[in-house]
Amino acid sequence: MNEKFAQYRGRIAQYWNAMGKNQKILLGASVGVLLLSVILLTIFFSRTQYEVAFQDLDSTDSAAVMNYLDTNKIPYKLENGGTTISVPSADAAKAKVEAGSQGLVQNGSIGFEAFNAGGSMFGSTDREFDVKYRNALNGEIQQLLNNMQGVQKSNVLVNLPETSVFVSTEEKEQASASIMMDFKPGYRPSQKEVDGYYNLVKTAVPNLSVDNITISSPEGELLASTGVGGSAAGSALALETHYQIQHKYEADLKRNIQQFLGRMVGMDNLVVNVQSTINFDKKKTDQQLVEPLPNNSNNGIIISEQSDSKTSTGSSAAGGVAGTGATDVPGYQATDGGGAGSSEENSQTTNYEVNRINSQIESGPYVIKDLSISVGVEKTRLDVDTTNGMNAFLTSLVRSQLIESGQDVNDDVLIAKKVAVIGQTFASTSSDASASGLSTGWLIGIGLAALAIIAGLVFVVVRRRKQNAAQEDDLVVPGKVEYPTIDLDAVNNESQVRKQLETLAKRKPEEFVNLLRTWLVDE
3 MNEKFAQYRG
13 RIAQYWNAMG
23 KNQKILLGAS
33 VGVLLLSVIL
43 LTIFFSRTQY
53 EVAFQDLDST
63 DSAAVMNYLD
73 TNKIPYKLEN
83 GGTTISVPSA
93 DAAKAKVEAG
103 SQGLVQNGSI
113 GFEAFNAGGS
123 MFGSTDREFD
133 VKYRNALNGE
143 IQQLLNNMQG
153 VQKSNVLVNL
163 PETSVFVSTE
173 EKEQASASIM
183 MDFKPGYRPS
193 QKEVDGYYNL
203 VKTAVPNLSV
213 DNITISSPEG
223 ELLASTGVGG
233 SAAGSALALE
243 THYQIQHKYE
253 ADLKRNIQQF
263 LGRMVGMDNL
273 VVNVQSTINF
283 DKKKTDQQLV
293 EPLPNNSNNG
303 IIISEQSDSK
313 TSTGSSAAGG
323 VAGTGATDVP
333 GYQATDGGGA
343 GSSEENSQTT
353 NYEVNRINSQ
363 IESGPYVIKD
373 LSISVGVEKT
383 RLDVDTTNGM
393 NAFLTSLVRS
403 QLIESGQDVN
413 DDVLIAKKVA
423 VIGQTFASTS
433 SDASASGLST
443 GWLIGIGLAA
453 LAIIAGLVFV
463 VVRRRKQNAA
473 QEDDLVVPGK
483 VEYPTIDLDA
493 VNNESQVRKQ
503 LETLAKRKPE
513 EFVNLLRTWL
523 VDE
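Basically our numbering = 1-based index in the sequence shown + 2.
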């Protein structure tokens, strides 16, 4: 065994000594790269890849998950102060499913599953049951809220009134709920989502009204809108909607102005500011109009007509002497003898029908009450013609937008006050300065890199020249080439000469060729 090992070692040493210097360096570098690659690949493929399986845990849930992982001998890593637990990627899915099925992750809350746990063999008292029920109800609501989008964690406290048969419905105490919610960084819930929180708590707790629910966050109280049953402060939904509409209107108008004027002076030389006032009131008007028919002398259509005519004739009896009777009034002229009389009565009734118009006018909101536009232009791009053109465009735009505002849009002085074109020299912004500084830095870096590359190339060339010069100095200057000779006179046997020539040709073919040339030259 030792002899074979020695033979192998000798062969390796012989092979190593037979190689040149460059070959030895290349072989050593290749072996080193190969060993390093094998080591790195071994470390990479043998390294355990961890994956985040549980995050945003409190201390109770972290302890429960750690106990489960230790019991099942699953390695894990604690991160972010114990709120995040990472497990190997191969065991991540299994750990999530089993931890979820066992109810280990509850975000610090205990739901109705607490009643499934074994209790005392004698049962629990009413007081203990009420405490467990309230804790379970708080935990269930907390779990529901934590599953909402953007919610990081929440704390819920529900107060339930004590039931009594001696208290009337009016005197009965109502349930209430106090909730503290923390949202993920950068998340802001919309009013619809806030209303959803109120409705969720309202339906989860019996006999609970929205007025008795308080939801707060570190930024302040979250109020429900009026439609959900909240206070008047819940009109924040309407205010937010109005703000969005006004902001969108101003943004669209600003973009249109920039697109139109930007072609004239350039987008970088233009700044537009739009300020508007919008009327969000909604009106409903009922009109009942009566009008005569047109082309009918302001008369209507005759729908009925009635005419009556009466004539009467008769005679009167003879009277006595005026004022002479016992019963007569002194001085009263009595009728003279009998005479004839007649009377006539005519009447006509005509009924007309006119136009009756009943109108219900409902005017929508979103009427522009006032509008002002200010445009700033780079001073070098602004001349008299450009200024007049911009004023004409902006004036026409303001007139068209205020047509229903109730203002006199034909008043040039009034409209001119709502338009302003300002010519100024723009100051360089921080973004421009940073961009220019960045480009200068890149140029300096590129220049330094180019100089370093050139210096490296010069160094390599000079070094190679020095190495070549040193190698040339080390070489022995050859003198006159002395070729091997064979003393033919001293050799008596031709076979010996032939053997010497064959040996010389095999071992030193170049010298053999030179010897032949020398013989030919001598001849």
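In this text, a Cβ means the ideal position worked out from N, Cα and C, and glycines have one as well. All of these numbers come straight from a predicted model, not from anything done at the bench.
Problem - Euclidean distance between Cα positions of F56 and N69 - result: 14 Å
Exercise for the section: State the beta-bridge partners of D354 as determined by DSSP. Expected result: According to the sequence provided, residue 354 is Tyr. The question's Asp does not apply to it. For Y354, which the question treats as bridged, DSSP gives the partners I304.
Practice task
State the start and end residues of the unbroken beta strand (DSSP E) segment that holds F46.
Solution key: No beta strand (DSSP E) contains F46, which is instead part of the alpha helix (DSSP H) from K23 to S48.
Practice task
Select from G12, L241 and F185 the residue whose C-alpha is nearest the C-alpha of Q193.
Solution key: L241
Problem - Spatial neighbours of Y485 in its chain, beta-carbon cut-off 7 Å, leaving aside the 5 residues before and after - result: Caution is warranted here: a pLDDT of 46 is assigned to Y485, below 50, making its placement in the model unreliable, and the coordinate value is therefore given only provisionally. Counting only Cβ-Cβ distances below 7 Å, and skipping sequence neighbours, we find E513, N516, L517 and T520.
Exercise for the section: Work out the CA separation of L522 and A507 for me, nearest whole Å. Expected result: 17 Å
Exercise for the section: Select from L225, D387 and E346 the residue whose C-alpha is nearest the C-alpha of T315. Expected result: E346
Exercise for the section: With distances taken Cα to Cα, identify the nearest neighbour of I359 among N390, R257, E293 and Y368. Expected result: E293
Practice task
Taking the CB atoms as reference points, tell me whether S211 and Y251 lie closer together than 8 Å.
Solution key: no
Practice task
Mind checking which residues open and close the alpha helix (DSSP H) that includes M68?
Solution key: S61 to T73
Exercise for the section: Starting from the Cα of Q290, find the closest Cα among S361, L272, I247 and V67 and give me that residue. Expected result: S361
Exercise for the section: Please state if the CB of S306 and the CB of L357 are separated by a distance shorter than 8 Å. Expected result: Looking at the sequence shown, residue 357 is not Leu but Asn. For N357 and S306, no; Cβs fall outside 8 Å.
Problem - Spatial neighbours of E175 in its chain, beta-carbon cut-off 7 Å, leaving aside the 5 residues before and after - result: P163
Practice task
Since I believe V133 is in contact with Q144 (beta carbons under 8 Å), could you give me their beta-carbon distance rounded to a whole number of angstroms?
Solution key: Their Cβ separation, rounded to whole angstroms, is 16 Å, which puts Q144 and V133 out of contact at 8 Å.
Problem - Every unbroken alpha helix (DSSP H) within the stretch 351 to 420, with a cutoff of 4 residues, ordered by chain - result: 386 to 403 and 414 to 418
Exercise for the section: Could you say if the stretch 271 to 285 and the stretch 393 to 402 meet the contact criterion of at least three C-beta pairs nearer than 8 Å? Expected result: no
Problem - Cβ pair D63, V99 closer than 8 Å - result: no
Problem - Classification of M183 by the beta-carbon crowding that lies within 10 angstroms, buried from 16 upward - result: buried
Handout entry: Counted within 10 angstroms of its Cβ, other Cβ atoms place L263 as buried (16 or more) or exposed
Key = buried
Exercise for the section: Would you mind sorting K381 into buried or exposed? The rule is 16 or more other CB atoms within 10 Å of its CB. Expected result: exposed
Exercise for the section: Go ahead and pull the three-state DSSP assignment for Y135. Expected result: helix
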